[in-house]
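Numbering (this note's numbering), first residue to last: 1440 to 1741.
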C-alpha cells in the first residue's frame, strides 16, 4: 500500500498549539481528489494541503487545498504554512515560490528571522479586491447570535468581499459583542440560500478595532456550513479585510498594514500581518504574512 509523508505546522504563531494548525502533504503525486478529500476529513483541520508537480514548469508547484468537506480555490494560512514547509525541506530554498491554485497563481515569499532561519511566509493574494452584494445587518446579527445594534456600519455596511476567497464581512461594536458572537446554524442556512452563489456556505468574518485603532483589529471567522464552526486564523479573510479597509481609506495611493488578532476566543491566539495597497488606477491588492511552528510528522498509508 502506498504511504504518503505529512507534516503539521501551526500557522500565524510563534509557539506550538497557538495559531491555526495545518497538515501538509509535500509530495502528493498519486493521490486522487477523493483521496485528498478523505484525508482532509480525517485530519478535520480547517485545511489540509497537497503539493503536486506544476502544470507549467516555470512554477514551483500545484497546490490543492481541502477543508473537511470540500476543496477551496485559495486560502491564506495553507499557503503560508505550505511555503514554510517546502522551504525548510530544501537545502537552498528560493526566495519565492509560485503556486498554481484554482483561484490563480499565488506568490509566496519565504521569511527568515534575525538568525537567518526560515520562520514563515508572506503570501500575495491571487486576485485584486472584488466586492459583492450588500448583506442586511439583520442577517449578520442573526448568523452571529447578536442584536442588529451590535453591527457597525460607519466604515462600511456589511458586504461580501474577496481577494480569492469570498467572505461576508461586518464590523461589530467593540470586543464585547465580538466575544459574544455565536454561530446560529439555522440563520447560516438561510443566509447561504440567499448568498450562496457568492460565498459558498456563507463564510462570515466579524471584526472590531482594538483600543480604538482600526489598524489593530481583532476578528473571528465562522463557516459552520463548510465544516469549520470557527477558524483560529484565516489569512484569506484577513487579506480581504485589509483590502476592503484600504479601499475605503482617503487618497488615491495608499498602503496600509494591519496587525490582526484572531483565535483568542478559541484559546489559539494568532497574529496575522495583512497589508492592502491601492493606486489611482483602481485595483486594490493584498498580502498576508505570519510565522509558523512545526508540530508533527508522520505517514498516511492508503
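Cβ coordinates follow ideal geometry from the N, Cα and C atoms, glycine included.
Across which residues does DSSP place residue 1701 in a beta bridge pair?
1658, 1709
Take the Cβ of residue 1663 as the centre, count every other Cβ of all protein chains shown within 10 Å, and call the residue buried at 16 or more, exposed below.
buried
Is residue 1513 helix, strand or coil when you go by DSSP?
coil
Kindly indicate the opening and closing residues of the alpha helix (DSSP H) around residue 1610.
First-last for residue 1610: 1605 to 1611, but that is the beta strand (DSSP E), not the alpha helix (DSSP H).
Which residues in the same chain have their Cβ closer than 6 Å to the Cβ of residue 1661, if we skip the five residues on either side of it in sequence?
1622, 1643, 1669
Since I believe residue 1678 is in contact with residue 1725 (beta carbons under 8 Å), could you give me their beta-carbon distance rounded to a whole number of angstroms?
4 Å
Decide yes or no for the touch test of the stretch 1577 to 1592 against the stretch 1477 to 1488: beta carbon pairs closer than 8 Å, at least 3 of them.
no
Run the CB neighbour count on residue 1665, radius 10 Å, all protein chains shown included, and call it buried at 16 or more, exposed below.
It is buried - the Cβ of residue 1665 has at least 16 other Cβ atoms within 10 Å.
Can you find at least 3 beta carbon pairs, one from the stretch 1689 to 1698 and one from the stretch 1615 to 1635, that sit closer than 8 Å?
no
So the alpha helix (DSSP H) residue 1475 belongs to, where does it begin and stop?
1472 to 1482
Measuring only the C-alpha atoms, how far is residue 1542 from residue 1516?
15 Å
Could you tell me which residues DSSP puts in a beta bridge with residue 1692?
Looking at the DSSP assignment, residue 1692 forms no beta bridge with any residue, so it has no partner.
Nearest to residue 1500 by alpha carbon, out of 1538, 1613, 1607?
Ranked by how close their Cα comes to the Cα of residue 1500, the residues 1538, 1613, 1607 have 1538 in first place.
Give the C-beta separation of residue 1559 and residue 1730 to the nearest angstrom, bearing in mind that I take them to be a contact with Cβ-Cβ under 8 Å.
So it is a contact: roughly 4 Å between Cβ atoms.
Less than 6 Å between C-beta atoms, sequence neighbours within five positions excluded: which residues of the same chain meet that for residue 1599?
1571, 1572, 1605, 1607, 1637, 1638
Taking 8 Å as the threshold (C-beta atoms), are residue 1702 and residue 1694 in contact?
no
What three-state label does DSSP hand residue 1485 in the structure shown?
coil
State the CB to CB distance for the pair residue 1536 and residue 1547, rounded to an integer number of angstroms; the pair is presumed to be in contact (CB under 8 Å).
4 Å
Just curious, the beta strand (DSSP E) that residue 1445 is in, first and last residue?
Its beta strand (DSSP E) spans residues 1442 to 1450.
How far does the alpha helix (DSSP H) with residue 1577 in it reach, from first residue to last?
1576 to 1583
Spatial neighbours of residue 1580 within its chain, please: C-beta separation below 8 Å, excluding the five flanking residues on both sides.
1586, 1587, 1589, 1590
Report the rounded CA-to-CA distance for residue 1646 versus residue 1613, giving the unit in angstroms.
8 Å
Looking at the structure shown, is residue 1663 part of a helix, part of a strand, or coil, going by DSSP?
It is helical.
Note down the Cα distance separating residue 1715 from residue 1549, rounded to an integer number of angstroms.
19 Å
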